[in-house]
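Asker: One structure is given below, represented as structure tokens, and several questions about it will come after.
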Amino acid sequence: MPNSPELITDLTQLAQWVQAQSAAGLSVGLVPTMGALHAGHLSLVESAAQHSDSVLVTIFVNPTQFAANEDLQQYPRDLEGDLQLLQSVAKVTVFAPTVADIYPLENSTARNVESNKLDDVAMRWEGERRPGHFLGVTTIVHKLFTLTKPQIAFFGRKDYQQLRVIEQLTEERQHNIKIVGCPIVREEDGLAMSSRNAYLTTAQRTQATAIYKGLQTACNMANNMEMAATELQDVVRKQLANAEINGIDYVAVVHPKSLEPLALLDRTEQIKQIKLGAIILVAVFVGNTRLIDNIFIPPNNS
Ligand code: AMP
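Going by our numbering, 202 is the number at position 119 of the sequence shown; the sequence numbering is gapless.
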């Protein structure tokens with residue numbers, strides 16, 4: 084019988100664990116999560132286990148990254164289930180702190196002091212639609228990096244913009260941590276795994292498959308013919324409309340590093356940029372559930 088992973092719930096215990104890893108010369112791989120774990124999270128944990136001696140999975144529903152109108156209260160929490168799922172991976176320790184541990188001074192200056200100069204990458208797309216979101220994300224990730232001192236940290240490409248923001252945070256804050264972006268894990272029908280998929284009704288779950296279908300169709304077209312960003316966006320939008328997904332926050336073909344929209348360029352330049360490699364980002368509401376997904380259009384040298 085596999086054992087439940089060691090569970091750390093307070094900062095003193097955590098400091099001791101971090102110290103013990105360092106004293107034993109063991110490298111630490113960090114996997115920050117908000118829990119309600121699924122196979123997408125597990126793939127990050129497995130990757131961490133391959134690349135480091137000890138794996139620390141953090142489970143913390145971070146209040147500062149939710150806007151006031153968002154689903155903080157409803158967000159699924161299942162620590163028991165999470166610990167069970169993690170039994171399948173060796174060398175995992177779980178850190179599940181309380182909000183008071185992480186934010187001891189409510190509304191304190193601490194958050195502001197730690198606020199980062201969020202540049203263009205964090206200001207667009209999710210940053211624009213979810214004000215304060217990336218400030219919350221960078222605050223928690225910076226705190227976790229500082230508290231847990233990993234050599235390497237794993238994030239999903241599912242949250243592609245978050246990954247880019249964290250890469251920048253790491254550089255800006257001079258954290259000596261390697262950031263690894265892991266592939267998107269999908270359900271059999273292509274829907275990107277997400278803790279929020281649990282909110283979907285059966286009918287909405289079916290509708291939601293149009294997101295990846297649209298992304299795939301557009302990506303195939305980009306690989307096989309000269310398509311402008313605007314045209315690719317229309318392909319995705321059409322597939323979403325066919326599935327009666329009308330609440331579209333954005334569908335955008337963007338530069339993979341800067342996340343700048345390519346649709347603003349002239350048509351020839353759009354095609355040229357897409358041939359160098361691009362990302363299509365999507366955020367939609369299916370019912371009241373907000374889902375995000377993306378696909379990488381690889382460079383095309385032909
Ligand atoms: P969350 O618990 O939603 O904050 O996610 C924790 C980490 O798991 C983030 O780095 C996510 O990008 C990653 N993640 C979530 N869903 C997936 C997925 N379907 N495939 C790969 N990574 C994922």
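Beta carbons are placed, not taken as given, at the ideal position from N, Cα and C, and that holds for glycine.
Owing to the predicted nature of the structure, the values given are computational and were not obtained by experimental measurement.
Which residues in the same chain as ALA301 place their Cβ atom closer than 7 Å to its Cβ, once the five residues preceding and following it in sequence are excluded?
Answerer: Contacts found: LEU315, VAL318, VAL319, ILE363.
Asker: Within its chain, find whatever has a CB closer than 8 Å to the CB of PRO214; leave out the 5 residues flanking it on each side and keep chain order.
Answerer: ALA150
Asker: Put LEU364 into one of helix, strand or coil per three-state DSSP.
Answerer: Shown here, LEU364 sits in a strand according to DSSP, grouped into three states.
Asker: Hey, quick one: how far does the alpha helix (DSSP H) through ILE267 stretch, first residue to last?
Answerer: Per DSSP, ILE267 belongs to no alpha helix (DSSP H) and is neither H nor E.
Asker: Roughly how many whole angstroms lie between the Cα atoms of LEU252 and HIS121?
Answerer: Cα to Cα, LEU252 sits roughly 26 Å from HIS121.
Asker: From SER135 to ASN325, what distance separates their C-alpha atoms?
Answerer: Approximately 45 Å, taken between the alpha carbons.
Asker: When the Cβ atoms of the stretch 91-111 are set against those of the stretch 231-248, are three or more pairs found closer than 8 Å?
Answerer: Yes, the stretch 91-111 is in contact with the stretch 231-248.
Asker: Alpha carbon to alpha carbon, how far is LEU168 from LEU227? Give it in angstroms, no decimals.
Answerer: Spanning the two alpha carbons is a distance of roughly 22 Å.
Asker: The alpha helix (DSSP H) spanning ILE249 covers which residue range?
Answerer: 243-255
Asker: Quick one: what does DSSP say ASN306 is sitting in, helix, strand or coil?
Answerer: helix
Asker: Quick one, are the C-beta atoms of PHE238 and LEU246 less than 8 Å apart?
Answerer: yes
Asker: Buried or exposed, going by whether 16 or more other CB atoms sit within 10 Å of the CB of ASN195?
Answerer: Because ASN195 sits at a pLDDT of 45, beneath the cut-off of 50, its placement in the model cannot be relied upon, and the following sentence gives the value as read from the coordinates. ASN195 counts as exposed, since fewer than 16 other C-beta atoms from the protein chains shown sit within 10 angstroms of its C-beta.
Asker: Work out the CA separation of THR372 and TYR282 for me, nearest whole Å.
Answerer: The alpha-carbon atoms of TYR282 and THR372 are separated by roughly 7 Å.
Asker: What three-state label does DSSP hand ASP184 in the structure shown?
Answerer: The DSSP-derived three-state label of ASP184 is helix.
Asker: Taking 7 Å as the cut-off, is the beta-carbon of MET310 closer than that to any non-hydrogen atom of ligand 1?
Answerer: No, ligand 1 has no heavy atom inside 7 Å of this Cβ.
Asker: Is there at least one non-hydrogen atom of ligand 1 closer than 7 Å to the beta-carbon of LYS241?
Answerer: yes
Asker: Identify whether LEU90 lies in helix, strand or coil by the three-state DSSP scheme.
Answerer: strand
Asker: In terms of residue numbering, what span does the alpha helix (DSSP H) encompassing ARG350 cover?
Answerer: 350-358
Asker: Do PRO115 and THR176 come within 8 Å of each other at the CB atom, strictly closer than that value?
Answerer: no
Asker: On the CB-based measure, 16 or more other CB atoms within 10 Å of its CB, does THR181 come out buried or exposed?
Answerer: With fewer than 16 Cβ atoms within 10 Å of its Cβ, THR181 is classed as exposed.
Asker: How many angstroms separate the CA atom of ILE354 from the CA atom of PHE379?
Answerer: 15 Å
Asker: Quick check on LEU120: does DSSP put it in helix, strand or coil?
Answerer: coil
Asker: Assuming ALA132 and VAL140 make a contact with CB atoms under 8 Å, what is their CB distance in whole Å?
Answerer: In fact, because the Cβ distance is near 10 Å, the residues do not count as touching under 8 Å.
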